[in-house]
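Reviewing the structure listed below.
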């Protein structure tokens, strides 16, 4: 049998694909620090679990395709507080930010259409675009430039008659970039001049470690009908397992098309939405405490990596990842070797090989993405393990 | 801005699209019996809620992309008990049966590829196929033939070089058809002769009201590598709001492609999977009791509809819907009229207009799908309301 071409093109997740090696290492009794995945170890606010426990319905019934009003109202309030005015109709609840991104790509791309994305990027973008039969046109960004965007003219050169959208992650996974107001205004210019949609994956919005204010694409009023924001409770409230995200847009046509996709799958999970609604009542002090903690973790991992000979990386300003270039030819082989053949005091680390974060062939082969969503002591150990592994790696 | 063609083609759900009229009627204080949606009012087994409450983790973390092993093991055991031998690798947990169907269509269809489906069919099939840029080739079935399939030769005539799959719902939504072993063997012959996949949506498997045994496509051993079963806890355990379903297949290539889609969206919701795992421990007496209840409901709705002049329908053998032809030209207008302008003692009903259940233009315009997932007394009232509405309808 021959299956669809898109399904063969669709990349396996570089974040998930080494998990069998990790599971095998664990089964041998090796302790593995999981730096491959952005899984916060911060406690989920108790309100989440309390809301689930408080549910006393007898029948776990379908909810609304748009999502539960209780949650939508909380999200509208949240956005109004950060000066992005919304109404209920501007929000659709999704199965995580992932479903929001998948639907956005299906809505944007006819086969052969192009989406401009700064690389390195979150690898699932490539899967969602492959699913929609679109093509990625990468803007290559580099650690030595702080992963900032090139000048507007350089980006404009990438536009073709097939360009439909620009997709950015801000703060950026995997780079930790936080785009400046000027960079976002340049993207806004390009979007207006070329009649494009901009999709902004802002799930790491609370994880910014600079003193200057964070600018969301939703803050640029002149493109309010061109912006689709993808959001999620996963990172903000350390609730990745809930799978609750949303699509936010003032573009009514986009939202009416998105609603049809949402109707086709019934509704998002009901109880998880009640839990999510409760999370939006979490005091701001929780977010501040988490932000401070992550800033300290970032410093530990970044300073640690800088001290390892041959490792090149840039201090991230947001999110909780570092994209690091290692003194190895093939970072995937190196990570597999760390899981299969290496241990320091019966401990090792996992990381995500960098190649899957790029669309340009050949880039990222020596790189890994490391998450610092781990305890500080664990991050210190992880750095020691990586340094030792690099010093004895035979590859 | 121009969005993708598939998004405009994608049909709005005929089940969901009248909900604004329903909400408006409710806001006027009218009681509406919701016959438009397959939302069981049977209690969800308490084990579900207990499993959620028993969760004492501090961090709601990502799960496995394949789904939690605890749930997969329960599903494997369930299938082994119904004589469909499976291993863990043959099961992928999905966000409801819907995500399973969406992924299956994305895996099966290149643009322009064809999927053969008996019509009337569950309307989301059309959305998932539109999303994949495939085309539906309908096998038209009729109430007067009991919605049974035509002879094998007739179906074989529909095969073209673009045919990739046959998709059936068994028991059938919206028809209540339960396919005979002979019908399934005919489909198996066609699949083998033409190198096709058969996707069997069997989410209503426990809702069969005949005395003869139910045959799953998974029971036909000679096509074991050609069958993909879509399953869900939604109807079986009255847990539609959990959004837990699965893909089941012995076709290793299909499953390896499906895993990439599953990886791209992270994982299904974690706690809902723990609840779902507990549901599989529900005693068989629950299923038997529910089955008996639904059989009685079916009898009430079917006998009631038969007694209304001009209404044509067939006694369903499974699922919990009746597809009924009404003595009106445009059933959608009639349903909207019932919600907007009609009430009997301040009560009315909603139903799903039939046209969206067909791919052949013009079919189903006089039909509605009614769900009998309601209390018997409510169904009796619904029949009275429908009879009265038809007798005074000015349309």
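Chains as they are written, first to last, in full-length UniProt numbering: chain A, 1 to 395; chain B, 1 to 395.
For each residue, glycine too, the CB sits at the ideal point set by N, CA and C.
All values derive from a computational prediction rather than experimental measurement.
Check: For the stretch 205-216 of chain A, which residues have a CB atom closer than 8 angstroms to at least one CB atom of chain B, in sequence order?; Outcome: none
Check: Quick check: is the beta carbon of residue 246 of chain B nearer than 7 angstroms to any beta carbon in chain A?; Outcome: no
Check: With respect to the alpha helix (DSSP H) encompassing residue 286 of chain A, which residues constitute its N-terminal and C-terminal limits?; Outcome: 284-306
Check: Measure the alpha-carbon distance for residue 192 of chain B versus residue 21 of chain B and round it to whole angstroms.; Outcome: 47 angstroms
Check: Give the straight-line distance between the Cα atoms of residue 12 of chain B and residue 298 of chain A, rounded to the nearest whole angstrom.; Outcome: 46 angstroms
Check: Among B/350, B/339, B/390 and B/249, whose alpha-carbon lies nearest the alpha-carbon of residue 85 of chain B?; Outcome: B/249
Check: Between residue 242 of chain B and residue 206 of chain B, is the Cβ-Cβ spacing less than 7 angstroms?; Outcome: no
Check: Is the shortest distance between the beta-carbon of residue 96 of chain B and the beta-carbons of chain A less than 7 angstroms?; Outcome: yes
Check: Assign residue 323 of chain B to one of three DSSP states: helix, strand, or coil.; Outcome: strand
Check: How about residue 369 of chain B and residue 321 of chain B: are their beta carbons less than 7 angstroms apart?; Outcome: yes
Check: Can you tell me which of the three DSSP states residue 231 of chain B falls into?; Outcome: strand
Check: If you draw a straight line from the C-alpha of residue 217 of chain A to the C-alpha of residue 286 of chain B, how long is it?; Outcome: 52 angstroms
Check: To which residues does DSSP link residue 246 of chain A through a beta bridge?; Outcome: A/93 and A/231
Check: Would residue 162 of chain B and residue 114 of chain B qualify as a contact pair, given that the criterion is a beta-carbon distance under 7 angstroms?; Outcome: yes
Check: Going by DSSP, name the residue or residues bridged to residue 119 of chain A.; Outcome: A/140
Check: Cα separation between residue 438 of chain A and residue 262 of chain A?; Outcome: It is not possible to answer for residue 438 of chain A, since the shown part of chain A is limited to 1 through 395.
Check: Measure the C-alpha to C-alpha separation of residue 208 of chain B and residue 121 of chain B and round it to an integer number of angstroms.; Outcome: 18 angstroms
Check: Check whether the stretch 55-64 of chain B and the stretch 217-227 of chain B are in contact - that is, three or more C-beta pairs closer than 8 angstroms.; Outcome: no
Check: Between residue 132 of chain A and the ligand SAM, is there a pair consisting of the residue's CB and a ligand heavy atom that are separated by less than 6 angstroms?; Outcome: With respect to the ligand SAM, the structure shown offers nothing to examine, as it has no ligands at all.
Check: In whole angstroms, what separates the C-alpha of residue 147 of chain B from that of residue 362 of chain A?; Outcome: 56 angstroms
Check: Which residues, taken in chain order from the stretch 80-110 of chain A, show a beta carbon closer than 8 angstroms to some beta carbon of chain B?; Outcome: 95, 96, 98, 99, 102, 106, 107, 108, 109 and 110
Check: Whole angstroms are fine: how far does the CA of residue 352 of chain A sit from the CA of residue 166 of chain A?; Outcome: 25 angstroms
Check: If distances are taken between C-alpha atoms only, which option among A/81, A/52, A/60 and A/7 comes closest to residue 238 of chain B?; Outcome: A/60
Check: So is residue 104 of chain B buried or exposed if we call it buried at 16+ other beta carbons inside 10 Å?; Outcome: buried
Check: If residue 200 of chain B and residue 230 of chain B are in contact, beta carbons under 8 angstroms, what's the gap, nearest whole angstrom?; Outcome: 7 angstroms
Check: Closer than 7 angstroms by beta-carbon distance: list the chain A residues that pair up with residue 423 of chain B, in chain order.; Outcome: Nothing can be reported for residue 423 of chain B, as the shown portion of chain B is limited to 1 through 395.
Check: State yes or no: is the C-beta of residue 149 of chain B within less than 7 angstroms of the C-beta of residue 185 of chain B?; Outcome: no
Check: Residue ranges of each beta strand (DSSP E) run of no fewer than 3 residues wholly in the stretch 322-352 of chain A, ordered along the chain?; Outcome: 347-350
Check: With DSSP as the reference, label residue 201 of chain A as helix, strand or coil.; Outcome: strand
Check: Excluding five sequence neighbours on each side, which residues of the same chain lie with their C-beta closer than 7 angstroms to the C-beta of residue 210 of chain A?; Outcome: 178 and 317
Check: Give the C-beta separation of residue 39 of chain B and residue 382 of chain B to the nearest angstrom, bearing in mind that I take them to be a contact with Cβ-Cβ under 8 angstroms.; Outcome: Not really, about 14 angstroms apart at Cβ, beyond 8 angstroms.
Check: I need the DSSP call for residue 151 of chain A, collapsed to helix, strand or coil.; Outcome: coil
Check: Helix, strand or coil, according to DSSP, for residue 408 of chain B in the structure here?; Outcome: Residue 408 of chain B lies beyond the range of chain B shown here (1 to 395); nothing can be said about it.
Check: Of the choices A/225, A/226 and A/244, whose alpha-carbon is the least far from that of residue 234 of chain A?; Outcome: A/244
Check: Taking residue 124 of chain A as the reference, give the member of B/190, B/136, B/332 and B/265 with the closest Cα.; Outcome: B/265
Check: Given residue 91 of chain B, which residues of its chain have a CB within under 6 angstroms of its CB, disregarding the five upstream and five downstream residues?; Outcome: 72, 75, 246 and 248
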